[in-house]
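Participant:
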Ligand SMILES: [Zn+2]
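Residue numbers (the numbering used here): -14 to 293.
#1: Within 10 angstroms of its Cβ, does residue -10 collect 16 or more other Cβ (buried), or is it exposed?
#2: Going by Cα to Cα distance, which pick from 219, 193, 182 and 152 is closest to residue 205?
#3: Considering only C-alpha positions, which residue in the set 202, 49, 178 and 227 is nearest to residue 215?
#4: Within the continuous alpha helix (DSSP H) that includes residue 223, where are the two ends?
#5: May I ask you to report which of helix, strand or coil DSSP gives residue 281?
#6: Taking all protein chains shown into account, decide if residue 226 is buried (16 or more other Cβ within 10 angstroms of its Cβ) or exposed.
#7: Considering only the alpha carbon of each residue, which of 37, 43 and 23 lies closest to residue 107?
#8: Would you list the residues sitting across from residue 56 in a DSSP beta bridge?
#9: Judging by CA-CA distance, which residue of 11, 290 and 1 is the nearest neighbour of residue 27?
#10: Of the residues 135, 287, 11 and 98, which one's Cα is nearest the Cα of residue 254?
#11: Whole angstroms is fine: what's the gap from residue 170's alpha carbon to residue 286's?
#12: May I ask which residues mark the beginning and end of the beta strand (DSSP E) holding residue 147?
#13: If you reduce the DSSP assignment to three classes, tell me which class residue 116 lands in.
#14: What is the rounded straight-line gap between the Cα of residue 175 and the Cα of residue 244?
#15: Beta carbon of residue 135, beta carbon of residue 128: below 7 angstroms?
#16: Taking one C-beta from the region 31 to 39 and one from the region 54 to 73 each time, how about it: are there three or more such pairs within less than 8 angstroms?
#17: With DSSP run on the structure shown, which of helix, strand or coil describes residue 206?
#18: Hey, could you find the ends of the alpha helix (DSSP H) residue 264 is sitting in?
#19: Check the DSSP bridge columns for residue 132 and list the partner residues they point to.
#20: Alpha carbon to alpha carbon, how far is residue 114 from residue 58? Give it in angstroms, no decimals.
#21: Identify, in the order they occur along the chain, each residue of the same chain with its Cβ nearer than 6 angstroms to the Cβ of residue 66, setting aside the five sequence neighbours on each side.
#22: Is residue 162 helix, strand or coil by DSSP?
#23: How about residue 40: is its C-beta nearer than 7 angstroms to some C-beta of chain B?
#24: Which residue from 164, 41, 19 and 121 puts its Cα closest to that of residue 105?
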């Protein structure tokens, strides 16, 4: 979640809004103002599409859906999250807490972050989903058609929408130009083992590989300006993750917990943003574990890693 979020209006039949911003009066004002620039009102919307489960993209969904009567469409895996957002957020926080303690983050930091997360939950929102989209299915308009593609990694529900006619990819936070999308560890939505630690970066890299092969001409991202050159950008991201994995491996002559690695890389940010940086470290550790370049050890309930 980074600063301003993009919502896209598709002026077609049905009139469609993709993402709706966080649940705040300011965001609602801005959405109304932006729609009025196109001579539209919230009440005119006929369809709302949500790209993924993060609060900054879906928070206003219930207000906008109720005022407009628009149908709400999401990937099938995302629907239960949106329909019961606070329960989902609570379970995600439980997973985060378990992981933070297991990977060496001190108890008091974990307690503080839990409180921050509870307070932030008001930016989210819940609503009934009217139509569940299948991965590989289509989102049809009178004059165009988007392929619906599941691209998990940044979050487990990331969905992109591709119009093969003109090469437009509505990408949510799957691919951003100026910052790399953090693959945040989050509860699996597909019924896979909740006790196995989700491997968000490994999943994300697999998703980026599939996007790289697509004939995309213009990316409409969830944050920042539209851009082209998606394949080059994805290659840069791969190189960046590789550099970061090598740097982490270089630290591990002696065993370190993931939290110690995060502190070595980012100092106090590893405390204020403990879960974000933990997700980042564990993602790269997963790449190294897969290649047998590091091994995992456990002592006193805390996991540590060591270079082989
Ligand atoms: Zn996001």
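We treat Cβ as the ideally placed atom computed from N, Cα and C, and that holds for glycine.
Facilitator: For this structure:
#1: buried
#2: 152
#3: 202
#4: 215 to 236
#5: strand
#6: buried
#7: 43
#8: 32
#9: 1
#10: 98
#11: 20 angstroms
#12: 144 to 148
#13: strand
#14: 28 angstroms
#15: no
#16: yes
#17: strand
#18: 259 to 275
#19: 123 and 147
#20: 6 angstroms
#21: 38 and 73
#22: coil
#23: You won't find chain B in this structure, because it holds only one protein chain.
#24: 41
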